[in-house]
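Right, one structure below, let's go through it.
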Amino acid sequence: MKRPLSLIAVLVLCISVCFAGQRPKYIFMFIGDGLGINHVYGTELYNAAVHPEKPNGGKMSFYNFPIRTYVTNYSSSTLVTDSSAAATALAAGVKTVNGYMGVDSDKRSVKNITELVSELGMKVGVVTNVGMNHATPSAFYAHHESRSAYKSLYEQYLTSEVDFAAGAAILLKKRDGLKHEDYVAQAKAAGIEVVHDLDKAANVVGKRVLLLPENPQSKTLKYANDCKPGDWTIVDYTDSAIKYLEREAKRDGFFLMVEAGHMDYCAHDNDAVTTFEEVNHLSDSVAKALEFYNRHPKETLIIVTADHETGGLSLGYTNYKMNMERLAWQNGSVSSLTRKMQRFRDDGKSSWEDMKLLLTRELGFWEGVRLRKKDEQQLRKTFEKSFIENSDKVVSLYNVNEKMASTAIEILNKRAYIKWISLNHTGMQVPLYIKGAGIEHLTECYDNTDVPKGIARALGKKLAE
Ligand SMILES: [Zn+2]
């Protein structure tokens with residue numbers, strides 16, 4: 015005779031059903047390229063001063079995630095990682111040599127999280143605002159000992175598990191002898207729908223999608239603070255990817271990696287305002303995932319992290335002060351200021367008075383932002399060298415800027431009491447925020463490799479273990 019369940023047994027059953035970890039069906043991984051802890055907090059301080067209209071006093075959309083921690087990110091070759099070794103760690107849970115992509119230190123291919131989730135029937139999205147075969151996105155679909163083997167990385171994308179891909183361009187190398195159109199033709203031949211429209215990309219049914227600008231003029235989308243209405247952003251890309259995946263992956267779920275990659279470029283340029291505005295776009299992209307989370311709260315996992323810190327950003331460096339309000343005067347990125355100065359150079363307008371007018375208009379100098387005598391002397395000296403003697407360009411990893419533009423931005427940063435210690439990456443730990451289903455498998459993240467391993471465990475699988 016069957017015995018009826020006792021009250022205690024029923025209670026135990028209820029508790030275990032209600033509180034057992036829910037396997038995530040929808041997984042988001044956001045990677046801010048170069049996003050250090052100070053980039054996040056600096057953006058919040060900047061928002062409080064410059065954008066008081068933003069919700070929650072300008073805090074990030076992910077500020078209150080239940081897990082807010084930091085992880086180490088060294089590579090197997092050095093304490094200061096590059097993007098490809100860090101992306102390999104975040105994608106596959108394996109440490110590798112700087113410059114390697116989806117392979118271990120012995121150049122053996124390592125399984126990544128997108129390969130693992132596709133075995134479970136889940137769809138995959140890989141989205142970035144820089145080249146779609148640049149370091150971070152490539153680590154989620156390719157394996158190569160060189161991050162700059164763009165042709166091979168792209169070819170691996172064609173046969174990969176990625177259902178929805180979006181980027182600013184396909185990165186090319188002259189010596190490969192292929193043009194943008196050739197690569198697009200290859201994608202079409204592989205059965206991929208190549209789309210140049212955000213809504214069309216979102217609405218493709220039953221096929222893989224590659225979303226790109228029609229005639230990419232640049233390797234990146236525009237900086238957040240250079241965008242005009244209608245310009246595409248990483249927020250738009252995230253939105254299109256979510257709409258596509260929410261419909262196409264209804265049955266088995268998805269994994270979506272979104273890289274806010276352009277923020278690394280302006281951090282390499284030590285341009286604080288542009289970096290903060292790029293971080294705001296990352297926050298707005300995560301907000302899109304949070305809207306999705308609200309529709310599927312029990313099945314959605316959201317992770318926000320970074321590959322490394324760029325620039326050694328310091329908030330305050332003297333006098334126990336900060337003055338973020340002064341940053342409100344900056345009109346666009348250091349790259350756009352460079353372009354304006356180049357036009358100024360081409361016009362043959364080389365008077366100091368004209369340059370002063372440009373700096374007043376673009377950065378508020380002498381009007382909104384009072385300059386110290388030594389600031390003005392530095393600007394004047396740089397002007398003489400750059401525009402009268404015609405020398406001096408500033409070369410950072412991705413951009414060549416006018417020395418005058420870089421110097422002016424550096425002075426504005428200092429007037430806000432912000433300083434950068436490097437034009438490159440640092441070995442600082444990076445932030446990690448986690449919310450949602452399966453979070454209990456990610457409570458012990460100390461290193462970037464722990465993140466994909468935790469996702470795999472949440473799915474009842476193993477990666478690099
Ligand atoms: Zn990076």
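Just so we're aligned, residue 15 is where the sequence shown starts under this note's numbering, counting upward by one.
Every residue gets a Cβ at the ideal spot worked out from N, C-alpha and C, and that includes glycine.
Contact test: residue i Cβ vs ligand 1 heavy atom, cutoff 6 Å
{"i": "S160", "result": "no"}
{"i": "S97", "result": "yes"}
{"i": "D278", "result": "yes"}
{"i": "D283", "result": "no"}
{"i": "D47", "result": "yes"}
{"i": "D266", "result": "no"}
{"i": "D389", "result": "no"}
{"i": "D321", "result": "yes"}
Counted within 10 angstroms of its Cβ, other Cβ atoms place residue i as buried (16 or more) or exposed
{"i": "Y334", "result": "exposed"}
{"i": "I184", "result": "buried"}
{"i": "V219", "result": "exposed"}
{"i": "I402", "result": "exposed"}
{"i": "D47", "result": "buried"}
{"i": "W246", "result": "buried"}
{"i": "A470", "result": "buried"}
{"i": "A203", "result": "exposed"}
{"i": "K302", "result": "buried"}
{"i": "A99", "result": "buried"}
{"i": "A199", "result": "exposed"}
{"i": "G474", "result": "exposed"}
{"i": "V176", "result": "buried"}
{"i": "T352", "result": "buried"}
{"i": "I435", "result": "exposed"}
{"i": "T299", "result": "Reading off the sequence shown, one finds Ser at residue 299, where the question assumed Thr. Result: buried."}
{"i": "E291", "result": "buried"}
{"i": "K242", "result": "exposed"}
{"i": "S232", "result": "exposed"}
Where residue i falls: helix, strand or coil (DSSP)
{"i": "G56", "result": "helix"}
{"i": "I432", "result": "strand"}
{"i": "V117", "result": "strand"}
{"i": "R471", "result": "helix"}
{"i": "G450", "result": "strand"}
{"i": "K407", "result": "strand"}
{"i": "P466", "result": "helix"}
{"i": "V198", "result": "helix"}
{"i": "R82", "result": "strand"}
{"i": "H295", "result": "helix"}
{"i": "P243", "result": "coil"}
{"i": "P445", "result": "strand"}
{"i": "L270", "result": "strand"}
{"i": "F76", "result": "coil"}
{"i": "S365", "result": "coil"}
{"i": "V140", "result": "strand"}
{"i": "R359", "result": "helix"}
{"i": "F154", "result": "coil"}
{"i": "Y40", "result": "strand"}
{"i": "R340", "result": "helix"}
Residue closest to residue i, alpha-carbon to alpha-carbon, out of the options
{"i": "N404", "options": "L393, Y412 and E416", "result": "E416"}
{"i": "Q391", "options": "T421, L259 and T374", "result": "T421"}
{"i": "T319", "options": "N337, K302 and L296", "result": "L296"}
{"i": "M442", "options": "T92, M43 and T332", "result": "T92"}
{"i": "I45", "options": "H282, Y447, L377 and A163", "result": "Y447"}
{"i": "M43", "options": "M336, I317 and K407", "result": "I317"}
{"i": "G346", "options": "E376, Y331, N337 and F358", "result": "E376"}
{"i": "E398", "options": "T289, N413 and W366", "result": "W366"}
{"i": "S90", "options": "L477, D461 and V465", "result": "D461"}
{"i": "K214", "options": "K242, A180, A203 and Y431", "result": "A180"}
{"i": "A182", "options": "M146, N217 and G205", "result": "M146"}
{"i": "M338", "options": "V108, H455, T457 and Y431", "result": "Y431"}
{"i": "K312", "options": "K354, G267, L341 and G326", "result": "G267"}
{"i": "V141", "options": "D253, H194 and L437", "result": "D253"}
{"i": "T86", "options": "Y77, P80 and A101", "result": "A101"}
{"i": "A342", "options": "Y55, Y60 and R37", "result": "Y60"}
{"i": "A286", "options": "L437, T150, D389 and R357", "result": "L437"}
{"i": "L104", "options": "L473, V444, M136 and P80", "result": "V444"}
{"i": "F154", "options": "L134, P38, E129 and L172", "result": "E129"}
{"i": "K428", "options": "R340, T289 and Y258", "result": "R340"}
{"i": "N52", "options": "S328, A238, K354 and S364", "result": "S328"}
Contact test: residue i Cβ vs ligand 2 heavy atom, cutoff 6 Å
{"i": "H310", "result": "Among the ligands present in this structure, namely ligand 1, ligand 2 is not found."}
Exercise for the section: Would you be able to state if there are at least three C-beta pairs under 8 Å between the region 110-129 and the region 61-69? Expected result: no
Problem - the region 256-267 / the region 152-162 touching (three or more Cβ pairs under 8 Å) - result: no
Exercise for the section: Could you tell me whether the region 314-330 touches the region 382-389, where touching means 3 or more Cβ pairs closer than 8 Å? Expected result: no
Exercise for the section: State whether the region 110-117 contacts the region 159-177, with contact taken as three or more CB pairs (one from each stretch) at a distance under 8 Å. Expected result: yes
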